[in-house]
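Below: one structure, written as structure tokens.
Residue numbers (my numbering), protein chains in the order written: chain Y, 5 to 340; chain R, 20 to 273.
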């Protein structure tokens, strides 16, 4: 099965004898990156990990990921980095990453395994949890102590505090709930983890079609301009892009706009899309359904522009402008 | 190749209901509140029915793990076109502490017993918002997974799955058997017509217990409290763009 287990069985015996007194608890952060750069959410995950009071080990699994490892080695709070670098990890297939994560758990006996609550983290960590027979905890927004976690349920309409009785706590953490760890000041050493892995061919990575943009990344942007069904068509989204570029904002959308084909799926903000908490969120032509609010109601300042004065969005907006967006949005862009 | 497809469905508080937290902070008020099939599960059912209509699947089975009321949801799945249903009956107190890992164990055992080729689940339940069951079921079975699927195609012996991910779309090829989870744009589910609702009453609905499946439902988490989120008050309306801009500048937002 796994080539890793064979090559590490003797090494880990010596290792654990010398380390057993120190290794009473430890946290593993599974890093998300594109080989060249860490995803912002990895920095939030490191901060979440720091609240657990143990040494933080980061696992970087990639294909030619030296640059991501270098960046991670400077992140404050990281004690050690394990690197599994192989062309077979292109596309980060859960079926290939899971055995590596499970092997690191078997070797180092972490008490906590954390990843960001992104598409990457959420796809992989529950699979890992099942292999370890652990009940995982999704989208944690607060850590009260190493066993007690806070998360939202019912589209953010209720907040649950729960205590896990599992020996290993496996969590995905919401990026917007934890500050980004400092990217200077760290000096973690990295070491190769595992031998050449036996890579399953149950799944194959074919391709990615990612939106390319110079705008800030939506999940971590300080300002977001979002469009809804009121935009009427894809072409009209240009109005939003123009305003966004004027103030350096990211662009998001409601589910209705994505379903109607006005913009790509990765712009969707909401209960089952991205959850954002910028300093400024401007909702344009968005009615404010419960599911959309779930994705943005933690924003510091919410502005709503909608021609329907009864739109539910006005009940959460700090500033509301009842007007025709096709008139006022270009006006705003021009006056700023 | 004709495949057996199993779809998991969950009965949840209807998506349009504004849930209220119980005053004693032990949970959310669900008594007397409208319940429906989890929207992502409707999409999963629809996909299975379409696979049957395309002759890719020859038997499509709906499963639900829950108390007696889960049968309503199974009847809806049958009315949408599923061939048969399996109800894993969970007594209410155990259902209240049930987690995705428990459900995944039930599904994995059923998939093995019924020689299932494809399991399709909804991406997440809109009550607990966990988004784990498909991934866990795949892990337990050691099957490949295609979660957040927005398109599923058959290519010979493989499934080609287009997934919605944070940066856009990703395409993977999976060997069978496999576990998939349905995302919003996979399809638009059909409404069950009255003739189909009547026909559904005659379709088989088998009952199982967790003990039949060898699954231990002992809780792994303890709920400490369930509370209201911070409330957001409605703010002020502004008269025009000039006022909006000056208010935002005063707040330091632009």
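Backbone N, C-alpha and C fix where the C-beta goes; we use that ideal spot for every residue, glycine too.
Asked: DSSP three-state assignment for residue 197 (chain R), whether helix, strand or coil; Found: strand
Asked: Entirely enclosed alpha helix (DSSP H) segments - the segment 72 to 136 of chain R, minimum 4 residues; Found: 89 to 99, 111 to 115, 119 to 132
Asked: Cross-chain neighbours of residue 85 (chain R) in chain Y, by beta carbon under 8 Å; Found: Within 8 Å Cβ-Cβ: nothing; residue 85 (chain R) doesn't reach chain Y, min ~17 Å.
Asked: Alpha-carbon spacing of residue 224 (chain R) relative to residue 212 (chain R), whole angstroms; Found: 19 Å
Asked: Buried versus exposed call for residue 208 (chain R) [16 or more other C-beta atoms within 10 Å across all chains shown]; Found: buried
Asked: Span separating the alpha-carbon of residue 253 (chain R) from that of residue 97 (chain R); Found: 44 Å
Asked: Bounding residues of the alpha helix (DSSP H) (the contiguous stretch that carries residue 54 (chain Y)); Found: 44 to 54
Asked: Residue 227 (chain Y) burial status per 10 Å Cβ neighbour count (16 or more: buried); Found: buried
Asked: Distance, residue 242 (chain R) Cα to residue 163 (chain Y) Cα; Found: 11 Å
Asked: Below-9 Å beta-carbon distance, residue 157 (chain R) vs any chain Y residue; Found: yes
Asked: 9 Å Cβ cutoff, residue 34 (chain Y) in contact with chain R; Found: no
Asked: Chain Y contacts from the segment 175 to 188 of chain R (Cβ-Cβ distance under 7 Å); Found: 183, 184, 185, 186, 187, 188
Asked: Contact list for the segment 86 to 120 of chain R against chain Y, Cβ threshold 8 Å; Found: 118, 119, 120
Asked: Proximity below 9 Å, CB of residue 72 (chain R) to CB of residue 26 (chain R); Found: no
Asked: Bounding residues of the beta strand (DSSP E) (the contiguous stretch that carries residue 235 (chain Y)); Found: Premise fails: residue 235 (chain Y) is in no beta strand (DSSP E) and is neither H nor E.
Asked: Closer than 9 Å to chain R by CB, residue 324 (chain Y); Found: yes
Asked: Cβ pair residue 296 (chain Y), residue 231 (chain Y) closer than 9 Å; Found: no
Asked: Closer than 9 Å to chain Y by CB, residue 140 (chain R); Found: no
Asked: Span of the beta strand (DSSP E), counted from its first residue to its last, around residue 310 (chain Y); Found: 305 to 310
Asked: Residues sharing a beta bridge with residue 195 (chain Y), DSSP; Found: Y:86
Asked: Beta-carbon separation (whole angstroms), residue 188 (chain R) vs residue 165 (chain R), contact threshold 8 Å; Found: Not quite, the Cβ-Cβ distance comes to about 12 Å (not below 8 Å), so this is no contact.
Asked: Residues of the segment 86 to 112 of chain Y with Cβ closer than 8 Å to any Cβ of chain R, in chain order; Found: 95, 97, 98, 99, 102
Asked: Closer than 9 Å to chain Y by CB, residue 145 (chain R); Found: yes
Asked: Contacts of residue 54 (chain R) in chain Y (Cβ-Cβ under 9 Å); Found: What residue 54 (chain R) touches in chain Y: nothing, since even the nearest Cβ is about 13 Å away.
Asked: Neighbouring residues, chain R, relative to residue 213 (chain Y) (Cβ below 7 Å); Found: 187, 188
Asked: Extent of the continuous beta strand (DSSP E) run through residue 244 (chain R); Found: 240 to 246
Asked: Strand pairing of residue 141 (chain R), partner residues [DSSP]; Found: R:201
Asked: Residue 167 (chain Y) at chain R interface by Cβ criterion, 9 Å; Found: yes
Asked: Chain-ordered neighbours of residue 263 (chain Y) on chain R, where CB pairs are closer than 8 Å; Found: 203, 204
Asked: Local conformation of residue 182 (chain Y) per DSSP, three classes; Found: coil
Asked: Between the CA atoms of residue 114 (chain Y) and residue 190 (chain Y) - distance to the nearest angstrom; Found: 21 Å
Asked: Cβ-Cβ distance between residue 54 (chain R) and residue 229 (chain R) below 9 Å; Found: no
Asked: Residue 255 (chain R) to residue 268 (chain R) span [Cα, whole Å]; Found: 15 Å
Asked: Contacts of residue 232 (chain R) in chain Y (Cβ-Cβ under 8 Å); Found: Ordered by position in chain Y, no residue passes the 8 Å Cβ test against residue 232 (chain R), which lies about 16 Å from the chain.
Asked: Chain R contact residues for residue 135 (chain Y), given Cβ-Cβ distances below 7 Å; Found: 158
Asked: CA-to-CA distance, residue 80 (chain R) to residue 105 (chain R), given in whole angstroms; Found: 7 Å
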